[in-house]
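Number of protein chains: 2
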Amino acid sequence: MRHTRIDLSRVQAAREVIAPVFLDTPLYRCEALEPVLGCAVSVKLETANPVRSFKGRGTELVAHGLAAAGERALVCASAGNLGQAAAWSGLRRGIDVTVVASRHATVTKLDRIRALGARLELVDGDHELARDRAAEIASRDGIRLLEDSLDLETCEGAATIGLELVDASFDVVLIALGGGAMATGVGHVLKALAPGVEVVCVQPAGAPAMTLSWRARRVVTTDTAVTIADGVAGRRPIPAVLADLLLVADDAVLVEETSIIAGMRALFDHAGLVVEPSAALGVAAVLEDRDRFAGRHVVTVVCGSNVDADAYRRWVSHR
Amino acid sequence: MRHTRIDLSRVQAAREVIAPVFLDTPLYRCEALEPVLGCAVSVKLETANPVRSFKGRGTELVAHGLAAAGERALVCASAGNLGQAAAWSGLRRGIDVTVVASRHATVTKLDRIRALGARLELVDGDHELARDRAAEIASRDGIRLLEDSLDLETCEGAATIGLELVDASFDVVLIALGGGAMATGVGHVLKALAPGVEVVCVQPAGAPAMTLSWRARRVVTTDTAVTIADGVAGRRPIPAVLADLLLVADDAVLVEETSIIAGMRALFDHAGLVVEPSAALGVAAVLEDRDRFAGRHVVTVVCGSNVDADAYRRWVSHR
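In order, the protein sequence lines correspond to chains A and B. Per the numbering used here, the first sequence starts with residue 1, numbered consecutively. Per the numbering used here, the second sequence starts with residue 1, numbered consecutively.
Below, the structure written as structure tokens:
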């Protein structure tokens, strides 16, 4: 066992707390994609739930814990998916949720956060500024600051995906890398229970901070994060998360924006799946390096489908 | 209990035979659709599996039965989804599968049938001609003729969807109506285990034979079946299936092609779901009669996503 912050028995216990609608998501072979990708491909689909991403697995743990402790409010920064999930989980437990987001966040994500009853505060800057502002609000109001990837519930919630993968036989799992909650969570479970599976993290070349940090084995920040994959566009990796990632990731690769779009298009054309850019990172990685995966069986976690419909139409339209 | 051909204990036993990848599909509230539809909406998603439709539930029973009896071949007519599912189930059990389809069937469905190793024979006519031709082949070769909706495995396989709905609390279930396997199967289970749920079948106005038959309480055939909803485009209802439908359906409604397209667009825009026209029939029915469903909780079975990608782009593009 590798000693990350994640605890396998807590991950297993988490299944009792998380609303069933987020658990036991579809996992299936997608043979129509295989001629395009040149390898055996299975999809782990995290979009068929009320918030259209995997983030509910983590926010359910957070909201459950707060309710059990008699606390009544939380604030988080979000590019949109964590905020929706926090709003969903909070609404069901009488917890006031405040979400801080960039004014440039995907409009439909912001609309859904409002529709789910959360308070939304927008900042004139990127996700890192939203993180700073959320911390200020938490400090000012004395409420729980939910920090994606730093807070163990987010990692251990995501790690329940790993429990749903270990009974199958894959060679490689492809995981979108942003703050690192999903990568460290799923990676920990696989290294513990299916150590033969290669854990490959995939990040956009335009927002490479965590990948550069993993390669350098120390935190590397970037000045910008420019990518359509808004869900993974961070610039300041969290040291404790990097430390865990170093223990569980076998590789971290960067992909180009054109590959992300090609990945979305492939998932639409051949799998009938609408995915947001972050959810196409795994397919993008295979498209960029078919030789690496040839003859192997990869599973890609399709982690979200919250796209702006008009932007998505452009991405998958004919060139 | 209503005495249809369907047997609840066989439906329950079917869960042990059907590959798990087709069972326990996502069922979730889709609040983003609700302002558009004016009622509470849940989605039962039958597309996240290797054949992208619910038909695997039935073909698994067929192939299991054949294999158990030592038989090695089957032939079926199909608009494309039954054929894919039969090919998938047959491939796993060493059963030769021949699919007869119209030359005008959706190209991607035909491609997938071939890719799954089935023999494909095309006829110059519609689905009813394909049914005739499949019967000829079965007779000539002395092999099993799989007839959708007539053969109980197809109804009882589809009926397992109903088992997955009865624990939730809905007012109405919307079921696409074609040959009637899904409507009679799901309808039977609901009438047996959740009799308060209204069972509403939905068919395209351009291919109304079964709905007209249900209303007339006798088989009504039509000369044409003109609809983009290829999966439900029959002209000759099967008497035994109609008899069952009369016992379990509370209503059968017809919807216009423009509503089917609007339904596909709504599911794409607000739920992030790619669906084939047949799978949008339920949403189309609500769009055409919002007052009927206002204030109620409907579940719509999203039964397939096998679309031609280019046709689909046109359907959901901006007008």
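Glycine residues also receive a C-beta, built at the ideal position from the N, C-alpha and C atoms.
Task: Ala311 (chain A) to Gly263 (chain B) span [Cα, whole Å] - done: Start at 1 with the first residue of the first sequence, and residue 311 (chain A) comes out as number 311. Start at 1 with the first residue of the second sequence, and residue 263 (chain B) comes out as number 263. Approximately 20 angstroms, taken between the alpha carbons.
Task: Within chain B, the residues that Ala236 (chain A) reaches when beta carbons sit closer than 7 angstroms - done: The sequence position of residue 236 (chain A) within the first sequence is 236, counting from 1. According to the sequence shown, residue 236 (chain A) is Arg rather than Ala. None at all; the shortest Cβ gap to chain B is about 30 angstroms.
- [ ] At 3 residues or longer, and completely inside the segment 241-304 of chain A: list those beta strand (DSSP E) runs for me, N to C.
- [x] Those beta strand (DSSP E) runs which fall completely within the segment 241-304 of chain A and span 3+ residues are 251-255, 297-302.
Open item on the list: Which residues does DSSP list as the beta-bridge partners of Leu120 (chain B)?
Closed with: For this step, residue 120 (chain B) is matched to residue 120 along the second sequence. Bridge partners of Leu120 (chain B): B:Val99.
Open item on the list: Any beta carbon of chain B sitting closer than 8 angstroms to that of Glu46 (chain A)?
Closed with: Reading the first sequence from its first residue, position 46 is the one you call residue 46 (chain A). Not one chain B Cβ lies under 8 angstroms of Glu46 (chain A).
Open item on the list: So Phe268 (chain A) contacts chain B; which residues on that side make the cut at Cβ distance below 8 angstroms?
Closed with: Sequence index remark: in the first sequence, residue 268 (chain A) carries index 268 (1-based). By Cβ distance, chain B contributes Val274, Ala309.
TODO: Closer than 8 angstroms by beta-carbon distance: list the chain A residues that pair up with Ala326 (chain B), in chain order.
DONE: The requested residue 326 (chain B) is not part of the displayed model; chain B covers only 1 to 319.
Task: Residue range of the beta strand (DSSP E) that includes Val202 (chain B) - done: Taking the first residue of the second sequence as 1, we reach residue 202 (chain B) at position 202. Val202 (chain B) -> beta strand (DSSP E) spans 198-204.
- [ ] Decide if Val283 (chain B) is buried, meaning its Cβ has at least 16 other Cβ atoms within 10 Å, or exposed.
- [x] As a first step, residue 283 (chain B) must be located in the second sequence, where it is residue number 283. Buried is the label assigned to Val283 (chain B), since at least 16 other Cβ atoms lie within 10 Å of its Cβ.
- [ ] Whole angstroms is fine: what's the gap from Ala79 (chain A)'s alpha carbon to Ala216 (chain A)'s?
- [x] Within the first sequence, the letter at position 79 stands for residue 79 (chain A). Within the first sequence, the letter at position 216 stands for residue 216 (chain A). Distance between Ala79 (chain A) and Ala216 (chain A), taken at the CA atoms: about 26 angstroms.
- [ ] Go to Val186 (chain A), then tell me how far its beta strand (DSSP E) extends in each direction, as first and last residue.
- [x] Walking along the first sequence from the start, residue 186 (chain A) turns up at place 186. No beta strand (DSSP E) contains Val186 (chain A), which is instead part of the alpha helix (DSSP H) from 181-193.
TODO: Spell out the partners DSSP gives Lys394 (chain B) in its beta bridges.
DONE: Chain B is shown from 1 up to 319; residue 394 (chain B) falls before or after that span and cannot be answered.
Task: Distance between Val307 (chain B) and Ala225 (chain B) (C-alpha atoms, nearest Å) - done: Working through the second sequence from its first residue, we reach residue 225 (chain B) at position 225. Working through the second sequence from its first residue, we reach residue 307 (chain B) at position 307. Answer to the nearest angstrom: the Cα atoms are 19 angstroms apart.
Task: Residues of the segment 47-58 of chain B whose Cβ lies closer than 7 angstroms to any Cβ of chain A, in chain order - done: Listed in sequence order: Thr47, Ala48, Asn49, Pro50, Arg52.
TODO: Look at Ala158 (chain B) and Val199 (chain B) and say whether their C-beta atoms are less than 8 angstroms apart.
DONE: Along the second sequence, read from residue 1 onward, the residue named residue 158 (chain B) stands at position 158. Along the second sequence, read from residue 1 onward, the residue named residue 199 (chain B) stands at position 199. No. Outside cutoff.
Open item on the list: Rounding to the nearest angstrom, what Cα-Cα distance links Ala85 (chain A) and Leu23 (chain B) in this structure?
Closed with: Residue 85 (chain A) sits at position 85 when you count from the first residue of the first sequence. Residue 23 (chain B) sits at position 23 when you count from the first residue of the second sequence. Rounded to whole angstroms, Ala85 (chain A) to Leu23 (chain B) spans 26 angstroms at the Cα level.
Task: Nonlocal neighbours in the same chain, by C-beta distance under 8 angstroms from Val75 (chain A), ignoring five residues either side - done: Counted from its first residue, the first sequence places residue 75 (chain A) at position 75. Cβ within range, chain order: Val97, Thr98, Val99, Val100, Ala134, Ile137, Ala138, Asp141, Ile143, Arg144, Leu145, Leu146.
Task: From A:Asp171, A:Ala87, A:Val202, residue whose alpha carbon lies closest to that of Lys191 (chain A) - done: Start at 1 with the first residue of the first sequence, and residue 191 (chain A) comes out as number 191. Closest by alpha carbon: A:Asp171.
Task: C-alpha gap between Ala118 (chain A) and Asp126 (chain B), whole angstroms - done: Position 118 of the first sequence, counted from the first residue, corresponds to residue 118 (chain A). Position 126 of the second sequence, counted from the first residue, corresponds to residue 126 (chain B). Looking at the two C-alpha atoms, the distance is approximately 52 angstroms.
Task: Buried versus exposed, by CB contacts within 10 Å (16 or more), Thr326 (chain B) - done: The question about residue 326 (chain B) has no answer, for chain B in this structure spans 1 to 319.
- [ ] Quick one: list the residues of chain B neighbouring Asp24 (chain A), beta-carbon separation under 8 angstroms, in chain order.
- [x] To locate residue 24 (chain A), count along the first sequence from 1; it is residue 24. Those within 8 angstroms of Asp24 (chain A) in chain B are Asp24.
- [ ] Using only alpha-carbon positions, find the residue among A:Ala243, A:Gly70, A:Val43 that is nearest to Ala168 (chain A).
- [x] Working through the first sequence from its first residue, we reach residue 168 (chain A) at position 168. Among A:Ala243, A:Gly70, A:Val43, the Cα nearest to that of Ala168 (chain A) belongs to A:Val43.
Task: Interface partners of Arg313 (chain B) on chain A, CB under 7 angstroms - done: Position 313 of the second sequence, counted from the first residue, corresponds to residue 313 (chain B). Against Arg313 (chain B), the close residues of chain A are Ser317, in the order they occur along the chain (beta-carbon pairs closer than 7 angstroms).
TODO: With distances taken Cα to Cα, identify the nearest neighbour of Leu267 (chain A) among A:Leu254, A:Glu256, A:Thr211, A:Leu281.
DONE: Position 267 of the first sequence, counting from 1, holds the residue named residue 267 (chain A). Per the Cα distances, A:Leu281.
Task: Neighbour list for Val21 (chain A) in chain B, Cβ cutoff strictly below 7 angstroms - done: Taking the first sequence and counting its residues from 1, the one referred to as residue 21 (chain A) is at position 21. Neighbours of Val21 (chain A) on chain B, chain order: Tyr28.
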